[in-house]
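Asker:
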Amino acid sequence: MIFIITNDIVSNKERDDGRKLEEIRPLKIEAGILKRADGSAYLEVGGNKVIAAVYGPRESYIRRLLRPDTGVIRCRYNMAPFSVDDRKRPGPDRRSTEISKITAEALRPSLLLERFPRSMVDIFIEIIEAEGGTRCAGITAASVALADAGIPMKDMVVGCAAGKVDGEIVLDLSEKEDKEGQADVPLAIMPRTGEITLLQTDGNLTEDEFDKALSLAIEGCKQISEVQKEALKNRYEA
Amino acid sequence: MIHVEDKKFVVPGEILAEDDFYPGRGTFKEGDIICSSLMGLVSLRNNKISVIPLKSKYVPKKGDVVIGKIDDIRFSMWGVNINSPYSGILPASEVFGREKKELSRVFRIGDVLFLRVVDVDEVKKVKLGLKGRGMGKFRKGILVDITPTKVPRLIGKKGSMINMIKDKTRCKIVVGQNGLVWVKGDVDMEQITKNIIHLIEAEAHTSGLTNRIRDKLYLLIDGELPKDLETDESKFDENQLNDENNSNNLNNDSNFDNSFEANEDELEKPKLENFKDIL
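Protein chains in written order, with our numbering: chain Y, 8 to 245; chain L, 6 to 284.
(1) Assuming L/P146 contacts L/V188 under a Cβ cut-off of 8 Å, what Cβ separation, rounded to an integer in Å, is found between them?
(2) Have a look at Y/D129 and L/K60 and give me their C-alpha separation to the nearest angstrom.
(3) Does DSSP put L/D24 in a helix, in a strand, or in coil?
(4) Please return the same chain residues whose Cβ sits closer than 7 Å to the Cβ of Y/A87, not counting the five positions on each side in sequence.
(5) If you measure beta-carbon to beta-carbon, which residues of the segment 62-79 of chain Y are closer than 9 Å to chain L?
(6) Let me make sure I understand the geometry here. Which of L/I20, L/E208 and L/D11 has the alpha-carbon closest to that of Y/M4?
(7) Give me the Cα-Cα distance between L/S252 and L/A97, rounded to the nearest whole angstrom.
(8) Within the 8 Å Cβ cut-off, does L/N247 reach chain Y?
(9) Give me the Cα-Cα distance between Y/G98 and L/N88, rounded to the nearest whole angstrom.
(10) Return the residue from the list Y/A137, Y/S222 and Y/G145 that minimises the CA-CA distance to Y/D93.
(11) So with CB distances below 8 Å, who are the chain Y contacts of L/S109?
(12) Less than 8 Å between CB atoms is the rule here; does Y/P99 satisfy it with respect to chain L?
(13) Since Y/R168 and Y/P193 should fall inside the 8 Å C-beta cutoff, what is the C-beta to C-beta distance between them, to a whole number of angstroms?
(14) Of all Cβ atoms in chain Y, is any one closer than 8 Å to the Cβ of L/Y63?
(15) Got a sec: is the Cβ-Cβ distance from L/Y91 to anything in chain Y below 8 Å?
(16) So which residues on chain Y does L/F33 lean against when the C-beta distance must stay under 9 Å?
(17) Rounded to the nearest angstrom, how far is the Cβ of L/G181 from that of L/V64, given a contact under 8 Å?
(18) Kindly indicate the opening and closing residues of the alpha helix (DSSP H) around L/L159.
(19) What are the residues in the segment 21-49 of chain Y lying within 8 Å of chain L by C-beta distance?
(20) Under three-state DSSP, which class holds L/L43?
(21) Determine the chain L residues that contact Y/D155 at a beta-carbon separation under 8 Å, and present them in chain order.
(22) Hey, quick one: how far does the alpha helix (DSSP H) through Y/S126 stretch, first residue to last?
(23) Run through DSSP, which three-state label would L/S109 get?
(24) Round the Cβ separation of L/G93 and L/L133 to the nearest angstrom and send it over; I've been treating them as touching at under 8 Å.
(25) Nearest-angstrom Cα distance between Y/T208 and Y/A152?
(26) Chain Y partners of L/K129, CB-CB under 7 Å?
(27) Looking only at its own chain, which residues have a Cβ that is under 6 Å from the Cβ of L/S264, when we skip the five neighbours before and after it?
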């Protein structure tokens, strides 16, 4: 028997978890969940569970970080030992140090900290459960927490990844797709202006594939951005 | 062209208006469009569009009255925590004049003071002073912490909200512009006042709040509502979140000034004569 596969069928192809190629995982964001933090957010996307907390602007107790013309941000990304299937050794490692740095750099362009010179804003991102795409989830949650803390900002940064799995460009990779796929492109943007604040690539993509992944990730970011705004509105209009 | 209505909830980055409007507090201009930089409520005044934040940190401003806690004693000054990204200093000269005295005999670490911001310089060094009516140290009482932008709401129009709470709980209440509130009264009443203040903070953006707080106060204290309650919503609710008007009330409003006077017996002026005797 011979099967003829047409283009039509290919584009309707489903992924392992039943999603379409350009579909994000189910997403839920809640703002203001921690009582003692100045701002906080809880985010669930697929199997990821992330808590972000923001403290500040507060007096900088690390003198050398102080800037006389503007405020500074510090970020800590941390994975709980129980967040992955094999227990993760607690404490910072090479990967989480990198993610802490890129998260701070992805968020910084959106913040208007000039009004708070000589101060410091601390961001803590805790991964409670991980299932692929935690750095984007962390950025998205941190941005909601920053807005919740009342820190002036130009736009709410939002992160989303695209990648290549089985030769197809897909949106919002799950852990399995990330491991088995050929490429992963995490992206963070400021949705109003479309400015890119984070762009990484892992794996191999042709130029066309990269362009496609980039535009797909931007679309994903815009969808997530709406959920972010909704989360803040729900906090006060309940 | 305008994209939002007065008092609408906005999030950072939301487009508020295009040309014809002036960007006020909590907004910024990018090319021709005015965007919100905060999570808060829109306030429209003539052609000026601003956003009143739902949460904020206190940034000291010259002339503000604040409540602070002594957290450091140095050679000739006290370090004061004023619930802000910038800590304040109270120079000894503000208290003693030219004479040199031992600082820890006057104020100790942990003392709560009612102060005025004398000066804020370009490196954000906040100089505090005790000169002025009602300034000094608080004895006993509790401190309640609210977000500074909600201070106008707690005071209400011409002090309507704060005076109502004072009348009902018979507590002495002093509000600092940095969001710290000092409450003194019966232990039970202090707790009720604290809860009421937190309730006001949580619901500051809703309308009809003064009446709801009044009902809540009656329920908590008398256990029932009096029958002849008037429900005149319009009386209190107009633009109470508008901070510009109400922050000024804090200093100018006659009702509120009276409340400082009433508190003067609670405030301990450092008695210089006594120190001379001791030394």
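For each residue, glycine too, the CB sits at the ideal point set by N, CA and C.
Answerer: According to the structure shown:
(1) Residue 146 of chain L is actually Gly in this sequence, not Pro. Indeed, because the Cβ distance is near 6 Å, the residues count as touching under 8 Å.
(2) 17 Å
(3) coil
(4) Excluding residues within five positions, the ones whose Cβ falls inside 7 Å are E133, I134 and I135.
(5) Per Cβ criterion, the list reads G63, P64, R65, E66, S67, P75 and G78.
(6) Because residue 4 of chain Y is not part of the residues shown, which for chain Y are 8 to 245, the question remains open.
(7) The pLDDT assigned to L/S252 is 43, lower than 50, so where the model puts this residue is not dependable; a value taken from the coordinates is nonetheless given after this. C-alpha separation (whole angstroms): 29 Å.
(8) No answer about L/N247 holds up, because its pLDDT of 46 lies below 50 and its placement is not dependable.
(9) 32 Å
(10) Y/A137
(11) Simply none; closest approach about 23 Å.
(12) no
(13) One point to set straight first is that residue 168 of chain Y is Ala, not Arg, in the sequence displayed. The Cβ separation is near 4 Å, so the contact holds.
(14) Nearest CB-CB separation between L/Y63 and chain Y: not below the 8 Å threshold.
(15) yes
(16) L119, P159 and K161
(17) Rounded to whole angstroms, the Cβ separation of L/G181 and L/V64 is 14 Å, and the two are not in contact under 8 Å.
(18) V156 to I160
(19) D45 and G46
(20) coil
(21) M44 and K60
(22) Careful: Y/S126 lies outside any alpha helix (DSSP H), inside the beta strand (DSSP E) at S126 to E136.
(23) helix
(24) 5 Å
(25) 26 Å
(26) Chain Y residues near L/K129: P124 and R125.
(27) Note that L/S264 scores a pLDDT of 41, beneath 50, so its modelled location is shaky; the value from the coordinates is reported in the next line. Excluding positions up to five away in sequence, the list is empty.
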